[in-house]
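Reading through the structure tokens given below for one structure.
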Amino acid sequence: MKRIVFIILFVGFQVANAQYKISDGTELLNLQKVPMEKMYVHASSPLLFSGEYLYYKLYCINAQTNKLSSISRMAYVSLVNDKGEPVFEHKIRLEKGMGQSDHFINTDVPSGNYKLVAYTQWMKNGGLAQVFKDDIAIVNPYLADQSAILRQNAQDKEISVKSNDRKDPDLKQEERNDLLQLQLDTLTFVTRQKVMLTLRNYKGNLGHGQYSIAVKKIEQLAVRPRMDAETFTDRYLSVNKRIPQTIGDSIFLPEQRGELIFGRVIDDINNLPAVGKEVIISVPGQEFLLKLATTDQNGYFFTYLRKEYKTPLTIFQVLDQGEYSIDIGRQEDLPFDSMKFGNFTIDPSDAAAIKERSIQNQIENAYFEVKPDSILQPDPIDPFDGGVPEVFNLDEYTRFPTLQETLIEILNTVGYRTGKDGHDYIRVAQDFEKFNEPYNDYPAIVLIDGVFIPDHGSIKDFKAEQVKTIKVLRDQLILGAKQYQGIVSIETVNGDYYDGFQRNNSIVSDLELPKTEKNYFRQSYSQESDINRRIPDYRRLLLWEPQVDLSGTEANFEFYTSDITGDFDIYLEGFTTYGKPVSIKKEFVVTKSKTPINN
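Per the numbering used here, residue 230 is the first one in the sequence shown, and the count goes up by one each step.
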């Protein structure tokens, strides 16, 4: 399937909105062989206050098999207001059809009814009906204007209370599930008590799957329950199983090889598409990425970024001496303003509960520094793709004024040569002891802080005092259709050569970084953490476990209750390896501990 999509991109890509026009029946048939997708989002709560986090787990589902999808590698998540405007837009990497992230609700987000939407580019071919949508209500007590959620009449109250009915048939109960069970030693706990939770699988392979767990305080305000996995499967049962488009229609292409980057090159002399021009795409930095694309007969080019880049910008350069303009494409937005939003409301009788929760949030956020989450560092990128470069740290050598002099005096395998066209280029000596290859006069790939340098002569006089290290790889390489002899990667002292980078036939474009996974803070009141006993604990979300890979008969979890008392829910959502949705709920109660907090 990947090969089919890759081939047709060359002849039908459109830069304006990353779409491809289906030209004939063969192309249509090939595209119809790629299953459509749908998305389920397990959100931590349907109601959020300013100062709270929304946590979510993504399950990208193959619409034909109902199993986790292996098609798309990128997903997009937005929280949208009732005007269709995004509060946030997240880019999420999918691994085996799953992803996760979170978002902090700032005090500038007004009270109102919102939609949490999630999709892949491939899903957009089915329109809004294919896209995951669920209601999220936000209460911002710090803004005076509450008109968006203030209850107007008794009918509104009746609707809101009904939506929060704990016996809502859409809210699946634990006893309905015949695969898995959530078990606790007791259903009553005191504040700051350790809780041992066991997930039991009674059906062997049938219960194996990917799940997520949230443990949270039951809402005091009337709010419609969030969509669970079983309800999602029912509601999205009739979505498109394959693309609904036909010959002559335009479609969004699946991001099977990573994040799609695309654009168009125009010849400024005749204002026509630049055909057959090579475009270097580089994501700079110490762990740089380097790509090459060639424009088609309409001047379009594209590539995919599969590795986890670290720098939020991309540099595009046309490798030609003419005069060109580069237009960077962007993904087309969905018509979010056409969605129907929820009807969450409040009235004066809710004031006490809102005030209490707001105060608790303020106290909890005041101690954020002692309860930090940690970002999971992605695997480092090897820009040399397994090659081992020789590293020259210039502080260990006598400094020379320019780069050219430094190459002559320090790097005996690298130097300037004059090409047949009269232009100077940097060449890396071949390693005939290591490689059995004929002699060549290919230039090196030269980069400064990950920025590709096409004109080597332009950096002859680059000040060597700005250079920290020079890394040299002597392997023979191919980039696009051109052969190179080695890589010379120059790292500056400040590592910021790309800041303010300007060159003819180039453009620098911002690139939003995909969200990075985190290890979420786990409160503990074991003996070794007695210092925490003096810190207030107003967590409403006691446990958020987005990655539960159940491959055995049970899985065990532990968490601690907080200083908040009342009724709590445990929710498990997910899908078995056979594509069956699983939604389980279990309730327990937390009462006030008789033990003083500051003992």
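By construction, the Cβ of each residue, glycine as well, lies at the ideal position given by its N, Cα and C atoms.
For N291, the uninterrupted beta strand (DSSP E) run begins and ends at 282-291, by DSSP. Residue state for R762 is assigned as helix, using DSSP reduced to three classes. Collapsing the DSSP output to three states places H652 in coil.
DSSP places E625 in the helix class (H, G or I) of the three-state scheme. Residue burial is scored here from C-beta neighbours: P683 has at least 16 other C-beta atoms within 10 angstroms and is therefore classed as buried. Counting only runs that start and end inside the region 790-819, the beta strand (DSSP E) elements of at least 3 residues fall at 795-805.
Under the rule that a run must span 4 or more residues, the alpha helix (DSSP H) segments found entirely inside the region 408-476 read 458-464. Residue state for P577 is assigned as helix, using DSSP reduced to three classes. By alpha-carbon distance to K649, the top candidate from Y671, S587, E507 is Y671. With contact defined as three or more Cβ pairs closer than 8 angstroms, the region 787-806 and the region 432-449 are in contact.
In the DSSP assignment, T540 falls outside any alpha helix (DSSP H) and carries neither an H nor an E. Annotation for L702: the continuous beta strand (DSSP E) segment containing it runs 696-708. Residue burial annotation: I498 is exposed, with fewer than 16 other C-beta atoms found within 10 angstroms of its C-beta.
Contact annotation: V368 and F278 have beta-carbon atoms nearer than 7 angstroms. Counting every other CB atom within 10 Å of its CB across the protein chains shown gives Y305 a total of 16 or more, marking it as buried.
Comparing C-alpha distances from F797 to each of V444, V811, E516, L257 shows the shortest one belongs to V444.
I707 counts as exposed, since fewer than 16 other C-beta atoms from the protein chains shown sit within 10 angstroms of its C-beta. Residue P315 holds the alpha-carbon nearest to the alpha-carbon of P339 among P315, Q776, V504, D414. The three-state reading of DSSP puts R586 in helix, counting H, G and I together.
In the DSSP assignment, T255 falls within the alpha helix (DSSP H) that extends over 254-261.
With contacts defined as CB atoms closer than 7 angstroms, T523 and I378 fail to qualify as a contacting pair. If you compare the alpha carbons of L345, L636, D728, Y654 with that of I699, the shortest gap goes to L636.
Take the alpha-carbon of D556 and the one of G781: they are about 52 angstroms apart. Here the C-alpha atom of Q714 lies approximately 13 angstroms from the C-alpha atom of G616. Counting only residues of its own chain and dropping the five nearest sequence neighbours on each side, Q591 has a CB closer than 7 angstroms to the CB of G280. Look at S567 here: in three-state DSSP terms it is helix. About 5 angstroms separates the beta carbons of D660 and R703, which is inside the 8 angstroms limit, making them a contact pair.
When rounded, the separation of the alpha-carbon atoms in Y465 and F361 is 9 angstroms. Per the coordinates, the alpha-carbon of D576 lies some 11 angstroms from the alpha-carbon of A451. With contacts defined by Cβ atoms closer than 7 angstroms, P607 and Q329 do not form a contacting pair.
In the DSSP assignment, Q633 falls outside any beta strand (DSSP E) and within the unbroken alpha helix (DSSP H) covering 632-638. Taking C-beta atoms as the reference points, S307 and V270 fail to come closer than 7 angstroms. Ranking L260, K600, P275 by CA distance to the CA of N572 puts P275 first.
Every beta strand (DSSP E) of 3 residues or more that sits fully in the region 263-344 is shown, in chain order, as 266-272, 276-278, 282-291, 303-309, 315-322, 327-333. In the structure shown, Q350 adopts coil according to DSSP, grouped into three states. DSSP, reduced to helix, strand and coil, places V599 within a helical segment of the structure shown.
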